[in-house]
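Enquirer: Before anything else, here's the structure in question.
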Amino acid sequence: DFDIDENDVLVFLHIQKTGGTFFGRALVKNLDVDPPCVCQRKVKRCDCLTDRKKLWLFSRYSTGWKCGLHADWTELQNCVDQTLDQMEGSHRKRRLHYITYLRDPINRYISEWKHVVRGATWSGADLKCNGKPATLEEVPFCYEDSTWEGVSLDEFLGCPHNLANNRQTRMLADLRLVNCYNKTGMSQEKRDSIMLESAKHNLKETTFFGITDYQNYSQALFEKTFQLSFLEDFEQKNRTHAEKVDYSKYTERLKENNHLDLELFQFAKKLFFKRLK
Numbered sequence: 001d002f003d004i005d006e007n008d009v010l011v012f013l014h015i016q017k018t019g020g021t022f023f024g025r026a027l028v029k030n031l032d033v034d035p036p037c038v039c040q041r042k043v044k045r046c047d048c049l050t051d052r053k054k055l056w057l058f059s060r061y062s063t064g065w066k067c068g069l070h071a072d073w074t075e076l077q078n079c080v081d082q083t084l085d086q087m088e089g090s091h092r093k094r095r096l097h098y099i100t101y102l103r104d105p106i107n108r109y110i111s112e113w114k115h116v117v118r119g120a121t122w123s124g125a126d127l128k129c130n131g132k133p134a135t136l137e138e139v140p141f142c143y144e145d146s147t148w149e150g151v152s153l154d155e156f157l158g159c160p161h162n163l164a165n166n167r168q169t170r171m172l173a174d175l176r177l178v179n180c181y182n183k184t185g186m187s188q189e190k191r192d193s194i195m196l197e198s199a200k201h202n203l204k205e206t207t208f209f210g211i212t213d214y215q216n217y218s219q220a221l222f223e224k225t226f227q228l229s230f231l232e233d234f235e236q237k238n239r240t241h242a243e244k245v246d247y248s249k250y251t252e253r254l255k256e257n258n259h260l261d262l263e264l265f266q267f268a269k270k271l272f273f274k275r276l277k
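UniProt numbering puts the first residue of the sequence shown at 1, with every later residue one more than the last.
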């Protein structure tokens with residue numbers, strides 16, 4: 001039972017291009033909570049505090065990227081509690097409820113490619129693990145200029161260290177189990193299998209996850225899980241940037257680059273509908 005006035009805190013793990021911006025905004029602007037989040041105009045963040053002036057939401061639009069830009073499971077685990085202590089000025093025992101969103105992996109990947117074509121990089125992400133950021137040897141950049149603007153899908157698929165590949169699996173897995181971003185000393189197959197199992201395990205441990213492809217069901221599941229309601233219903237957007245792309249000749253390569261995410265997504269859908277029952 002989620003109780004905003006006790007020590008429950010929602011921690012939103014926001015994976016790129018899963019509709020997380022929409023959901024993140026809905027959490028601060030569209031949720032029927034008392035007291036509501038206080039948002040100032042022109043400031044991206046809102047104050048989401050309980051009556052006792054304690055934070056009940058850890059997310060980009062409430063606290064900001066305090067654990068790093070698009071922090072993943074590994075980064076959040078090592079950071080959220082201490083950060084909340086600093087922000088509140090004292091320690092308390094909290095119940096952290098991890099929440100996230102997943103999306104059909106091929107559409108998510110195409111959407112990330114389109115975003116990068118327009119100039120996004122997320123190069124500010126720390127990719128921290130075991131207290132250290134990933135090195136450039138471990139995760140080299142795929143591009144030489146300051147951005148990868150205008151990149152073709154062919155080239156995007158061709159960069160072996162592209163962080164878009166299997167992004168959902170990587171961001172949900174405990175990367176400490178595979179020696180972080182250091183790929184030496186373990187075969188790729190073993191690394192893949194450990195990451196996938198870890199991502200499935202952590203997904204099961206989330207209090208809630210939504211699926212972008214099922215917005216209405218996701219809203220219903222959130223409301224049922226936390227006994228909170230949204231003031232306005234979520235809309236299902238079917239014509240996103242990704243859906244307008246004809247990528248038929250790249251289908252096999254897209255599947256290959258996202259084979260872990262495809263398996264994770266099948267698992268996620270089953271778990272999602274089981275939770276919905």
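Each residue gets a CB set at the ideal place from its N, CA and C atoms; glycine is no exception.
These figures come from a predicted structure and were not determined experimentally.
Using a Cβ-Cβ cut-off of 7 angstroms, state whether N7 counts as contacting chain B.
Expert: Going by chain labels, chain B is absent from the structure shown, which holds only one protein chain.
Enquirer: Roughly how far, in whole angstroms, is the beta-carbon of L55 from the beta-carbon of E6, given that I think they are within contact range, below 8 angstroms?
Expert: The residue labelled residue 55 in the question sits at position 55 within the sequence shown. The residue labelled residue 6 in the question sits at position 6 within the sequence shown. The pair is not a contact, with the Cβ atoms about 13 angstroms apart (cut-off 8 angstroms).
Enquirer: Under the rule that 16 or more other beta-carbon atoms within 10 Å means buried, what is F12, buried or exposed?
Expert: The residue given as residue 12 occupies position 12 in the sequence shown. With 16 or more other Cβ atoms within 10 Å, it is buried.
Enquirer: Any chance the stretch 212-222 sits against the stretch 115-122, with 3 or more Cβ pairs inside 8 angstroms?
Expert: No, because fewer than three Cβ pairs between the stretch 212-222 and the stretch 115-122 fall closer than 8 angstroms, the two stretches do not touch.
Enquirer: Span of the beta strand (DSSP E) holding F208?
Expert: For the purposes of this step, residue 208 is taken as the residue at position 208 of the sequence shown. Where F208 is concerned, the enclosing beta strand (DSSP E) stretches over F208 to I211.
Enquirer: Check whether the stretch 123-134 and the stretch 30-39 are in contact - that is, three or more C-beta pairs closer than 8 angstroms.
Expert: Judged by Cβ distances under 8 angstroms, the stretch 123-134 makes no contact with the stretch 30-39, as fewer than three pairs qualify.
Enquirer: Applying the 10 Å Cβ sphere with the 16-neighbour rule, what's the burial state of R176?
Expert: Taking the sequence shown and counting its residues from 1, one reaches residue 176 at position 176. By the 10 Å Cβ count, R176 comes out exposed.
Enquirer: Tell whether a beta-carbon distance below 7 angstroms holds between A199 and L264.
Expert: As a position in the sequence shown, residue 199 is number 199, starting the count at 1. As a position in the sequence shown, residue 264 is number 264, starting the count at 1. The answer is yes: Cβ separation under 7 angstroms.
Enquirer: In this structure, how does DSSP classify V9 when only helix, strand and coil are distinguished?
Expert: As a position in the sequence shown, residue 9 is number 9, starting the count at 1. In the structure shown, V9 sits in a strand (DSSP, three-state: E or B).
Enquirer: Can you tell me whether Y214 is helix, strand or coil according to DSSP?
Expert: Within the sequence shown, the letter at position 214 stands for residue 214. If DSSP states are grouped into helix, strand and coil, Y214 belongs with the helices.
Enquirer: Cutting at 6 angstroms between CB atoms, please list the residues of its own chain near I15, excluding the five before and the five after it.
Expert: Sequence index remark: in the sequence shown, residue 15 carries index 15 (1-based). Only Q168 and M171 meet the Cβ criterion.
Enquirer: For the pair the stretch 228-246 and the stretch 127-136, tell me if three or more CB-CB distances fall below 8 angstroms.
Expert: The answer is no - the stretch 127-136 does not touch the stretch 228-246, with fewer than three Cβ pairs under 8 angstroms.
Enquirer: At a cut of 8 angstroms, does the stretch 224-239 reach the stretch 247-254 through at least three beta carbon pairs?
Expert: Counting Cβ pairs under 8 angstroms, fewer than three are found: no touch.
Enquirer: Among the residues of its own chain, which have a CB less than 6 angstroms from the CB of P105, if the five just before and after it don't count?
Expert: Here residue 105 refers to the residue found at position 105 when the sequence shown is read from its first residue. Once the five neighbours on either side are set aside, the close Cβ partners of P105 are N258, D261, L262 and F265.
Enquirer: Just grab the DSSP bridge partners of C46 for me.
Expert: Along the sequence shown, read from residue 1 onward, the residue named residue 46 stands at position 46. The partner list for C46 (beta bridge, DSSP) reads C39.
Enquirer: Please determine whether the Cβ atom of E189 lies at a distance below 6 angstroms from any heavy atom of the ligand FAD.
Expert: In the structure on display, the ligand FAD does not appear, and there are no ligands present to speak of.
Enquirer: For K255 and C48, what's the separation of their Cα atoms in angstroms?
Expert: By 1-based counting over the sequence shown, the position of residue 255 is 255. By 1-based counting over the sequence shown, the position of residue 48 is 48. Taking the straight line from one Cα to the other gives about 40 angstroms.
Enquirer: Does the distance from the CB of Y109 to the CB of V139 come in under 7 angstroms?
Expert: Locating residue 109 in the sequence shown gives position 109, where the first residue counts as 1. Locating residue 139 in the sequence shown gives position 139, where the first residue counts as 1. The answer is no: Cβ separation not under 7 angstroms.
Enquirer: Who are the near neighbours of L10 in its chain, counting only those whose CB is closer than 6 angstroms to its CB and skipping five residues on each side?
Expert: For the purposes of this step, residue 10 is taken as residue 10 along the sequence shown, with counting starting at 1. Hits under 6 angstroms: L57, H97 and I99.
Enquirer: S62: buried (16+ other C-beta within 10 angstroms of its C-beta) or exposed?
Expert: The sequence position of residue 62 within the sequence shown is 62, counting from 1. Looking at its Cβ environment, which holds 16 or more other Cβ atoms inside 10 Å, S62 is buried.
Enquirer: Going by DSSP, what residues sit across from T100 in a beta bridge?
Expert: For the purposes of this step, residue 100 is taken as the residue at position 100 of the sequence shown. The partner list for T100 (beta bridge, DSSP) reads L13 and F209.
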